[in-house]
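What follows is one structure encoded as structure tokens, with my remarks underneath.
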Amino acid sequence: MDTRMLQLLVCPICKGPLEHWRDSQELACKADRLAFPVHDGIPVMLESEARAFDPDHPHGHEDGAAALAAVAAAVDAVAASGTAPEAASPPAPSAGA
Ligand SMILES: [Zn+2]
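Here it is in structure tokens:
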């Protein structure tokens, strides 16, 4: 891969410099805390394809972060759908017999 070409790439979001992570084949913007994947030597400079990383552990805990995001999404889904289905049940029939 041509490293000089990579050095010309800038973050599509903040236009800042990118850091090339050879181990994980990613281009990282520390300002945005996003890592853009490099597929077969071709950088994918799309925010939708980028991975948010923890600047304290940029090269690890990806799975943990993904799991936490999944849990957070699940919690949001539960909160959005409501957690008290009993409230929707019909009222008990009044005594009429
Ligand atoms: Zn950026």
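First residue of the sequence shown: 159, per my numbering; consecutive thereafter. Note that beta-carbon positions come from the ideal geometry of N, C-alpha and C, so glycine has one too. Given the structure is predicted, the values throughout are model-derived calculations rather than measurements.
In its chain, beyond the 5 residues on either side, no residue has a beta carbon closer than 8 angstroms to the beta carbon of residue 236.
Straight-line spacing of the CA atoms in residue 193 and residue 209 works out to 5 angstroms.
Under the three-state reduction of DSSP output, residue 236 falls in the helix class.
The nearest non-hydrogen atom of ligand 1 is less than 6 angstroms from the C-beta of residue 171. Residue 190 sits close to residue 172, with the two beta carbons spaced by under 7 angstroms.
Taking all protein chains in view, the Cβ of residue 185 is crowded by 16 or more other Cβ atoms within 10 Å, so the residue is classified as buried. By the Cβ neighbour-count rule, residue 202 is exposed, with fewer than 16 other Cβ atoms within 10 Å of its own. Sixteen is the threshold: when 16 or more other Cβ atoms of the shown chains lie within 10 Å of the Cβ of residue 196, as they do, the residue is buried.
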